[in-house]
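To start, the structure under review is shown below, and the notes come after it.
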Amino acid sequence: MEDIRRDWDKPLSQACLAAKTSVIVRVGALDLGSGTGSFRVREMMHRIAYPLGVHVRADVNLTDIEATCTDGKSRITEVIDLPTTGVNTERIWLLEHYADWFSVNLGLDSMYHRVGAVSEGLVQNLEKSDVSAVSAQLSKQLKAERKAHKEQSEEASDDPVLDALEQAEVTIPVSMVRAQSDDIAGEGSTDDDLRSESMAALEASDDATKAAHAKLLAQRTAVAKTAAAAQPAPAAQPEPADQPASAAQSAAAKPQSAAAQPQPAPATKRQRKHRPITGEYAAHFDHVNNPGSLPRREITVGQAHERLDLIERRKPLYSPAFAGLASAIACASFVFLLGGGPYDMIGAFVGAGLGHWLRRRLFAHHLNQFFVTFVCVAVAALACTGTLRLIGLYDPIALQHDTAYIGAMLFVIPGFPLITGGLDMAKIDFPSGIQRVTYVLCIILMATLAGWMAAVIVHLNPTGFEPQGLDAGTTGVLRALFAFLGVWGFSVMFNSPQRMCLVAALIGTITDTLRLEIVDLGVPAEAGAFIGAFLAGLLAAAWRSAVRGGLLPPHLGYPRICLTVPSIVIMVPGMYMYRAMFYLGQFDTQQALDWAFRAFMVIICLPIGLAMARVLTDKSWRYDI
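Residue numbering for the sequence shown follows the working numbering, beginning at 1 and increasing consecutively.
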């Protein structure tokens with residue numbers, strides 16, 4: 001701590017290893033506490049460590065991180081324990097932008113998003129309550145600036161012949177040099193090798209291309225001399241004609257002259273980075289003090305931690321009352337998708353809304369998760385049953401809907417640790433995956449036990465929902481509607497910004513409606529869950545690629561995990577799991593095992609579907625490296 005305090009106002013790139021490690025590990029701890037998997041926590045820590053010239057090796061579990069950082073000279077191991085775990089998708093999203101802001105300000109390119117200016121503005125406005133609106137405003141401003149710059153560049157073109165000559169001069173040789181430089185950089189050559197190889201590639205071009213380029217260069221020189229003679233004080237003198245100039249040097253002449261202007265233009269193209277081929281961990285240290293890197297903006301240790309303080313201390317986006325309403329809508333929609341009717345949905349709406357509101361209030365006092373789960377599920381089940389009893393005073397049919405209280409319990413389904421645990425095991429990270437799955441089983445055990453005890457007290461006998469009696473067309477439309485509402489509600493419960501909620505709801509509408517329709521056609525429920533999760537992964541990847549490719553605004557670039565998990569958590573067979581516990585309490589082991597295995601098969605198909613989609617769309621998942 002003394003080393004960190006001593007370097008608090010020192011640029012982070014020049015600080016001691018302890019100061020660098022404090023930032024790296026803290027970012028990982030914030031990401032882990034947000035509910036994401038260990039593979040993503042390691043990736044985030046590596047993204048922060050790389051610009052600092054630090055190599056990090058971390059063991060990540062459910063609530064602890066043991067990270068060893070080295071800079072090639074010294075080594076530090078830091079261990080951090082979290083008191084509990086939870087889900088906060090807004091924080092996961094903000095940490096992505098923090099990593100891009102961090103990387104760009106240390107001289108490298110953005111890593112997660114194509115437009116680094118959005119991350120820059122977002123991180124600088126973390127004190128505002130709705131940073132999603134800030135990112136949208138920044139995106140609009142950037143679009144307007146690009147449009148205005150394009151119009152000015154078109155108006156500034158006075159001589160189309162000169163523009164054509166400059167375009168021919170710059171693009172033809174530079175494209176050839178860039179193609180050769182990519183090959184040479186991939187082989188790990190030095191800068192001298194790159195220049196010699198690039199010149200050799202240009203000299204080996206055909207005579208026709210050389211002659212055409214020489215003619216264009218001579219014409220441009222003549223035009224430039226005429227323009228220089230017409231102006232009394234030119235801003236920059238052209239190169240003498242008797243001095244030999246290579247194509248690469250002529251291509252570099254324009255950026256050098258532009259740099260002399262009062263307003264330097266920021267680099268927009270990815271620049272090649274020097275990659276030595278020898279030395280342990282060389283890939284982590286080669287960019288430090290590399291003159292080819294982007295200019296650094298000296299971030300101090302204190303500034304890095306201040307931004308993290310703002311991310312950590314952000315209040316939830318939604319009040320307990322609004323989160324309870326979202327839970328009520330989600331669970332009522334869940335009940336309809338499971339086959340329930342209006343009375344079942346009303347009971348689930350009241351019970352789930354009251355239960356989640358109480359859970360938020362109790363969590364604010366840092367009470368034990370398992371205790372809170374037991375109490376809130378019991379309250380939700382009793383509230384649902386009491387609501388149906390009141391309705392039964394006017395319509396006795398409502399008294400027959402004993403299964404509705406199961407829908408009121410579904411707000412406690414631990415969808416995030418369930419899915420991330422499966423993804424961790426898909427990445428051969430069994431310690432973290434097994435811990436997450438064990439945590440999920442404990443939460444489910446407490447929830448089903450509380451529901452079973454409530455059913456015993458009020459003498460409930462859940463036998464299933466009554467047929468809805470709707471035609472196929474109406475059923476499909478209502479399924480799409482309630483799938484949208486259900487995923488939106490779960491996204492709000494996960495503290496997602498509204499734009500992120502709507503994107504996840506759109507994906508969930510497509511995937512869950514398709515899953516239910518193909519199950520009606522005779523496809524097994526397990527296969528339907530796999531297809532739905534697989535499609536959700538593909539759609540989330542396509543959305544992310546569309547944002548990076550410029551087809552969608554940059555402020556809509558959300559982490560994939562924040563879109564896929566809310567869209568498939570509605571596919572978790574909560575009713576199957578409860579029925580298994582109910583029949584176990586009745587000592588009907590045959591029925592209990594039957595429902596337990598049904599739930600198990602559906603559950604394992606969900607992360608497998610996401611993992612398969614990730615393998616097809618992400619090279620880091622496709623290969624074991």
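Glycine is no exception: its CB is placed at the ideal position from the N, C-alpha and C atoms.
Distance, residue j Cα to residue i Cα
| i | j | result |
| --- | --- | --- |
| His274 | Ala136 | Because His274 sits at a pLDDT of 43, beneath the cut-off of 50, its placement in the model cannot be relied upon, and the point is left open. |
| Lys140 | Leu310 | 24 Å |
| Ala25 | Asp31 | Reading off the sequence, residue 25 comes out as Val, not Ala. For Val25 and Asp31, the distance between alpha carbons rounds to 10 Å. |
| Val572 | Ile413 | 8 Å |
| Thr617 | His97 | 22 Å |
| Ile603 | Val487 | 18 Å |
| Thr420 | Phe600 | 16 Å |
| Met577 | Asp402 | 17 Å |
| Lys150 | Arg548 | 21 Å |
| Leu12 | Arg6 | 12 Å |
| His55 | Ser38 | 17 Å |
| Leu502 | Pro566 | 11 Å |
| Leu563 | Leu358 | 26 Å |
| Thr70 | Arg560 | 30 Å |
| Gly386 | Val335 | 17 Å |
| Phe534 | Leu610 | 5 Å |
| Lys10 | Val134 | 30 Å |
| Thr300 | Leu106 | 11 Å |
| Phe388 | Arg314 | Rather than Phe, the amino acid found at residue 388 in this sequence is Leu. Spanning the two alpha carbons is a distance of roughly 39 Å. |
| Thr589 | Arg579 | 11 Å |
| Leu423 | Ile608 | 8 Å |
| Ser132 | Leu393 | 47 Å |
| Arg57 | Glu466 | 55 Å |
| Gly347 | Pro497 | 28 Å |
| Leu481 | Ser153 | 47 Å |
| Met45 | Gly339 | 44 Å |
Residue from the options with nearest C-alpha to residue i
| i | options | result |
| --- | --- | --- |
| Leu317 | Val523, Ser110, Ser491 and Lys10 | Ser491 |
| Leu367 | Gly86, Ala19, Thr68 and Arg91 | Gly86 |
| Ser432 | Asp64, Cys384 and Ser496 | Asp64 |
| Ala450 | Ala29, Val134, Met581 and Gln400 | Met581 |
| Cys376 | Phe587, Ala332, Thr564 and Met409 | Met409 |
| Phe349 | Leu308, Tyr405 and Arg314 | Tyr405 |
| Val41 | Val27, Tyr50, Val54 and Pro51 | Val27 |
| Gly464 | Gly407, Met446 and Val79 | Gly407 |
| Ile457 | Gly347, Val379 and Gly537 | Val379 |
| Thr509 | Gly532, Ala525, Asn61 and Trp621 | Gly532 |
| Ala525 | Leu478, Phe597, Thr474 and Ala536 | Phe597 |
| Thr77 | Ser103, Thr21 and Trp101 | Thr21 |
| Gly574 | Phe587, Asp429, Gly415 and Leu506 | Gly415 |
| Ala49 | Thr68, Ser129, Thr36 and Leu62 | Thr68 |
| Ser119 | Trp101, Asp59 and Met111 | Trp101 |
| Val23 | Ala99, Asp429 and Met446 | Ala99 |
| Ile568 | Pro83, Lys619 and Leu506 | Leu506 |
| Ala144 | Ala546, Pro553 and Ala18 | Pro553 |
| Asp624 | Thr438, Tyr558, Ala426 and Ile4 | Ala426 |
Nearest-angstrom beta carbon gap, residue j and residue i [assumed within contact, 8 Å]
| i | j | result |
| --- | --- | --- |
| Leu138 | His555 | 7 Å |
| Gly537 | Arg614 | 6 Å |
| Leu606 | Ala529 | 6 Å |
| Ala381 | Ala454 | 4 Å |
| Pro320 | Arg361 | 6 Å |
Reduced DSSP category for residue i - H, G, I as helix; E, B as strand; rest coil
| i | result |
| --- | --- |
| Asp624 | coil |
| Arg314 | coil |
| Ala330 | helix |
| Glu66 | strand |
| Ala408 | coil |
| Ala58 | strand |
| Val79 | strand |
| Thr85 | coil |
| Pro553 | coil |
| Pro51 | helix |
| Thr300 | strand |
| Pro11 | strand |
| Tyr112 | coil |
| Gln586 | coil |
| Ile391 | helix |
Proximity test, Cβ basis, 8 Å: residue i and chain D
| i | result |
| --- | --- |
| Pro467 | Of the chains in the structure shown, none is chain D; there is only one protein chain. |
Segment contact, 8 Å Cβ cut-off, at least three pairs: the stretch 100-115 with the stretch 574-593: By the C-beta criterion, the stretch 100-115 is judged not to be in contact with the stretch 574-593, since fewer than 3 inter-stretch pairs fall below 8 Å.
contact_flag[the stretch 539-551, the stretch 513-530] where n(CB pairs < 8 Å) is 3 or more: Cβ pair count under 8 Å is below three, so no.
The stretch 492-502 touching the stretch 326-340, judged by at least three CB pairs closer than 8 Å: In short, these stretches touch, since the Cβ pair count reaches three.
Validate contact between the stretch 423-443 and the stretch 297-309 using beta carbons, cut 8 Å, 3 pairs: Flag = no, the stretch 423-443 and the stretch 297-309 do not touch.
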